[in-house]
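With the UniProt record's numbering, the residue at position 219 of the sequence shown is 219, and numbering never jumps.
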Amino acid sequence: MEDVGRWRKLCLAASTGHRAAVRSLFTALRTTDERGSAEDRKAALDELVRAAPRLWLDLDRYARSPHAVTGAHPTDDSGPLHLVLASFDRDGRIRQAAVERLARRSGRYAASALALRTDDWVPAVRDRAVTALLGHVAPDEAAAAVRLLARLDRRRRAAGVLDAYRMVLSAPERRRTVRRLAAEPDPHARRFGVELALELGEYVRGDLARTALHDRDQVCRTLCAARLLELDPDQAGRLMWARSAVIRELAVAALPDDVPSARLVGPLADRSRMVRAQARWKLYERGEPPVDVYRRQLRRCGRATQPRLVAGLAAGLGECGDSSDLALLAVLAADPSWSPVVRRAAVRALGRLGHASEQVAALAPLVTDASPSLAREALDVLAAGHCAPPKALAAALARPEPPVWKAALRAARTLAHWDRLEFTLRAAADPRPQVAERSRAELRRWTHAGWSGGAVDPAQLRLVGRLLRQAPLSEPDRIGVEWVLRAAARVSRPS
């Protein structure tokens, strides 16, 4: 167990790609192969096979460096670890001898080493490795080989090897291997296995539905959902409950063209923007304006309606409505009896539909709302519209919740150049250390942004000068601001 723990630590460290860690692992493997016990060599090889595929690529790269020690020529009696190390060797004759002997061995280590050598820069080594690898198709071997081949597939020398391996696995007697690949934890091997299983018709509809709904990999879920809907479009209703937005989008797209608009209410109010867009497209295709559905459904909502549904309807209305919807959205945003998730969705919708003056009128009062998340959302929307009023920002900065005053400092970046400086200097004098420190960072950002020139209000310059003298700044920060102020004073001085 001590040997296993040692090798696991070495492999984990080397899997980071740091050259020193890779060197340490390679040196330890070479030493163990020469002088270690049989148990230690087995533990080292087992951990090497379990390690991330990238580690094999890094070891192979390091073995070609002048610092790597060349090993002995492999023989028919060489152990598995010696053959693996020999397959990394700088000397092409040693690598070729290792490939010839690995071709007669079985197991994951042999498949991994042969897969790696399919990218060899010596054609003789590469061709022998490809031929040998196509004979290593047991479930464990295929899983180890595909993990590496999938990462080598885009390399010029290894181009086409993965397709050739795929053809071999397509044989009927290899179905067990394909099923094993489709259950692999490695995402590359798993996707390869699922694609091949779908191509060979290995999945029944129940398997497709389970994978589409519950698989941990997004690509596998999407592949199985697309095939299931291709075979049975009536499964769209079941897939609309999937956690993955991509699957829900596919399900909505698979609904019949004459699906009733009432059945589309859920997708129209989905938490994912792309699912809502797909549901709206269903209505657009048959000439029905989705905005009418949003308006009608929102007016039917009450306090007992599921908040997520109301929030999704508000978000969708913001994506396809117009200025006539601002009043309805403003009511949702301002009424504290609605759930915060509903109010935040309404705030975002107001930001999409309202002009600057309308956004200020509806959202500026919300920066002092009792809900910190709503105040932060309002500040972010005002900042995106470049219409945040300084008074609202000052009120938000005075609040104790960090997300709110941080949002106020972010929004201040959209103010006019000298208004931004005035606001930041006031914030730098805040008695709260965190606020003052972040404000000083914003002040440095203002200084680095530079000044484009132009007329400056002398009164504002004098005010900024007083604030600068009062603010607790470091000397470099103060000098940087003073330099800009002197340049501005020269421009604003009457000729």
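The beta carbon of each residue, even a glycine, is placed where N, CA and C say it ideally should be.
Cutoff 6 angstroms; reference residue i; Cβ partners in own chain excluding five residues on either side
i       : result
Val-84  : Tyr-109 and Ala-113
Arg-343 : Ala-333 and Leu-374
Ala-392 : Ala-364 and Val-367
Gly-321 : Val-291 and Leu-353
Asp-153 : Leu-162
Glu-377 : Arg-344 and Val-347
Pro-80  : Leu-45 and Tyr-109
His-136 : Ala-111
Arg-432 : none
Asp-120 : Arg-126
Ala-132 : Ala-103 and Leu-114
Three-state secondary structure assigned by DSSP to residue i
i           : result
Ala-459     : helix
Cys-220     : helix
Cys-121     : Note that residue 121 corresponds to Trp in the displayed sequence, not to Cys. Three-state DSSP puts Trp-121 in coil, outside helix and strand.
Trp-405     : helix
Gly-193     : helix
residue 522 : It is not possible to answer for residue 522, since the shown part of the chain is limited to 1 through 495.
Leu-83      : helix
Phe-26      : helix
Tyr-294     : helix
Met-240     : coil
Asp-33      : helix
Leu-48      : helix
Pro-289     : coil
Pro-433     : helix
Gln-359     : helix
Thr-16      : coil
residue 496 : Here the chain comprises residues numbered 1 to 495, so residue 496 is not present and cannot be evaluated.
Asp-153     : coil
Ser-68      : The sequence shown places Ala at residue 68, not Ser. Coil, per DSSP.
Asp-77      : coil
His-188     : helix
Asp-369     : coil
Val-331     : helix
Nearest residue (CA-CA) to residue i, options the options
i           : options                               : result
Arg-50      : Lys-391, Ala-144 and Thr-16           : Ala-144
Leu-329     : Leu-298, Ser-337 and Val-194          : Leu-298
Cys-220     : Thr-305, Arg-490, Leu-425 and His-188 : His-188
Ala-63      : Gly-318, Pro-365 and Asp-91           : Asp-91
Glu-47      : Leu-12, Ala-115, Glu-442 and Gly-193  : Leu-12
Asp-335     : Thr-32, Ala-362 and Arg-399           : Ala-362
residue 511 : Trp-418, Arg-117 and Trp-281          : Nothing in the structure corresponds to residue 511, since the chain is present only between 1 and 495.
Trp-241     : Ala-209, Leu-231, Asp-257 and Pro-260 : Ala-209
Thr-424     : Gln-434, Ala-416, Glu-442 and Thr-414 : Glu-442
Arg-296     : Ala-279, Val-4 and Asp-325            : Asp-325
Arg-191     : Val-341, Pro-172 and Thr-211          : Thr-211
Gly-351     : Ala-327, Ser-337 and Pro-372          : Ala-327
Ala-349     : Ser-323, Ala-129, Ser-337 and Trp-338 : Ser-323
Ala-251     : Arg-6, Trp-121, Gly-302 and Pro-233   : Pro-233
Trp-483     : Gln-460, His-448 and Asp-457          : His-448
Leu-134     : Leu-461, Gly-316 and Gly-160          : Gly-160
Asp-76      : Thr-70, Val-69, Asp-89 and Ile-94     : Ile-94
Leu-264     : Gly-287, Ala-370, Tyr-294 and Ala-245 : Tyr-294
Residues near residue i in its chain [Cβ-Cβ closer than 8 angstroms; skip 5 each side]
i       : result
Asp-430 : Leu-397, Ala-436 and Ser-439
Asp-380 : Ala-407, Arg-410 and Ala-411
Ala-356 : Gly-385, His-386 and Cys-387
Gly-312 : Leu-268, Ala-269, Asp-270, Arg-271, Arg-276 and Ala-345
Arg-151 : Pro-53, Arg-54, Leu-57 and His-188
Arg-19  : Tyr-62
His-67  : Arg-23
Thr-177 : Val-137, Ala-138, Pro-139, Ala-142 and Leu-169
Own chain, CB closer than 7 angstroms to residue i, minus 5 neighbours either side, in chain order
i       : result
Leu-421 : Trp-446 and Val-464
Ser-495 : Its pLDDT being 47, under 50, Ser-495 is placed unreliably in this model, and the value from its coordinates should be taken loosely. Same-chain partners within the cutoff: there are none.
Leu-10  : Ser-24, Leu-25 and Ala-28
Asp-127 : none
Gly-480 : Thr-447
Arg-30  : Val-69, Gly-71 and Leu-85
Glu-285 : Asp-257
Distance cut-off 8 angstroms: residue i Cβ against heavy atoms of the ligand NAD
i      : result
Leu-45 : Absence of the ligand NAD is noted for the structure shown, with no ligands found whatsoever.
Cβ of residue i within 9 angstroms of any chain C Cβ
i       : result
Ala-251 : Considering every chain present, this structure includes no chain C. It has just one protein chain.
- Cβ pair count under 8 angstroms reaching 3, the segment 135-150 against the segment 172-190: At 8 angstroms Cβ cutoff, the stretches touch.
- With contact counted as at least three CB pairs below 8 angstroms, one residue from each stretch, are the segment 224-232 and the segment 273-293 in contact? Short answer: they don't touch.
- Item | Inter-stretch contact (C-beta, 8 angstroms, three-pair minimum) for the segment 348-363 and the segment 382-389 | The segment 348-363, when compared against the segment 382-389, does touch it at the 8 angstroms Cβ threshold.
- Message: With a threshold of 8 angstroms, are at least 3 pairs of Cβ atoms found where one atom belongs to the segment 35-46 and the other to the segment 93-101?
- Response: Result no; under three Cβ-Cβ pairs closer than 8 angstroms.
- Task: Say whether the segment 162-169 touches the segment 202-216, bearing in mind that this needs 3 or more beta-carbon pairs closer than 8 angstroms, one atom from each stretch.
- Result: No, they do not touch.
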